[in-house]
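The numbers in this note's numbering rise by one with no breaks, and the one at position 124 of the sequence shown is 825. By construction, the Cβ of each residue, glycine as well, lies at the ideal position given by its N, Cα and C atoms. Structure first, then comments.
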Amino acid sequence: MLAIVVKKDNPVLLCKSAIRYNMASQGDNATPQLKLSQFWHTTFDDIFQVFNPDEWTLEPTDKEMPSDWRKFRDKAKVKFLCDCNNSWTSMMGRIIFWYKKSDEKDNKKELKTEEKGQKDEPKETNKYSLRFRLYGQQCKICEDGTFINPLWYEDEVKRVLENVHKKIGKDFYDFPQEDSNNSKRHGRMRQSHDSRRCQACQEGQCHS
Numbered sequence: 702m703l704a705i706v707v708k709k710d711n712p713v714l715l716c717k718s719a720i721r722y723n724m725a726s727q728g729d730n731a732t733p734q735l736k737l738s739q740f741w742h743t744t745f746d747d748i749f750q751v752f753n754p755d756e757w758t759l760e761p762t763d764k765e766m767p768s769d770w771r772k773f774r775d776k777a778k779v780k781f782l783c784d785c786n787n788s789w790t791s792m793m794g795r796i797i798f799w800y801k802k803s804d805e806k807d808n809k810k811e812l813k814t815e816e817k818g819q820k821d822e823p824k825e826t827n828k829y830s831l832r833f834r835l836y837g838q839q840c841k842i843c844e845d846g847t848f849i850n851p852l853w854y855e856d857e858v859k860r861v862l863e864n865v866h867k868k869i870g871k872d873f874y875d876f877p878q879e880d881s882n883n884s885k886r887h888g889r890m891r892q893s894h895d896s897r898r899c900q901a902c903q904e905g906q907c908h909s
């Protein structure tokens, strides 16, 4: 069973197949407001069910996790939309995952068929936590130092979750090592990555 953690104060914005992790800044009837669970968490549930009966929780964070958490970095094509209506696309949308095994364990009963003449036997279930952080960029027009939260495409969400799933499978379940899928959504960038306005770069997490 996968335990899904949904933060009610973190809905996302669906905009031309891209999703944003925070509340929409403008009301637009043509732009559906959808909860974070309908994108990140549903995709997470589908991908991580292979780890059943262990329980995995997915939760966003706005800070670096302690050093005893394992870390996985990835990047994706994302969009940014400032309140001033300036918008831009980046192929360096940084996401960092942290994951850790909990000290808690559950003993759950696994049902056996009566034909086999076996009784219910307790099965140990391990608990794990997966946190992720999305990094923003600053608007070059406003120049007010505010980091704009990124809009994420659904296919990019799926790709990065599949990548961290592969890494976790190797680290915790002895799955064969698989290369990450680095094939980002196609983009034609007219300018190089602006590290001065990149939150991940400023915090030493971009490695562009």
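Give the C-beta separation of residue i and residue j to the nearest angstrom, bearing in mind that I take them to be a contact with Cβ-Cβ under 8 Å.
i	j	result
E898	K841	In the sequence as displayed, the identity of residue 898 is Arg instead of Glu. With a Cβ gap of about 6 Å, R898 and K841 count as contacting.
H908	I748	Not confirmed; about 25 Å, so no contact.
Y800	S830	7 Å
S689	N864	A question about residue 689 goes unanswered here, because the residues of the chain that appear run from 702 up to 909.
D872	N827	The Cβ separation is near 13 Å, so there is no contact.
L862	N850	Incorrect: roughly 18 Å between the Cβ atoms, too far for contact.
A901	R795	4 Å
Tell me the rounded alpha-carbon separation between residue i and residue j.
i	j	result
M766	E805	19 Å
G905	W770	18 Å
N753	C843	47 Å
E855	E825	34 Å
S791	T847	17 Å
E879	V779	25 Å
M793	S803	32 Å
G837	D746	25 Å
D763	P877	32 Å
R886	I797	18 Å
Q839	V858	22 Å
R860	L782	22 Å
S896	W757	34 Å
W957	G870	Look at the range of the chain in this structure, 702 to 909, and you will see that residue 957 is not part of it.
Tell me the DSSP secondary structure of residue i in three-state form.
i	result
E879	coil
E805	strand
Q900	helix
T743	helix
R860	helix
K828	strand
E844	coil
Y854	strand
Q750	helix
Could you give the uninterrupted runs of the beta strand (DSSP E) lying entirely in the segment 764-800, keeping only those of 3 residues or more? 771-782
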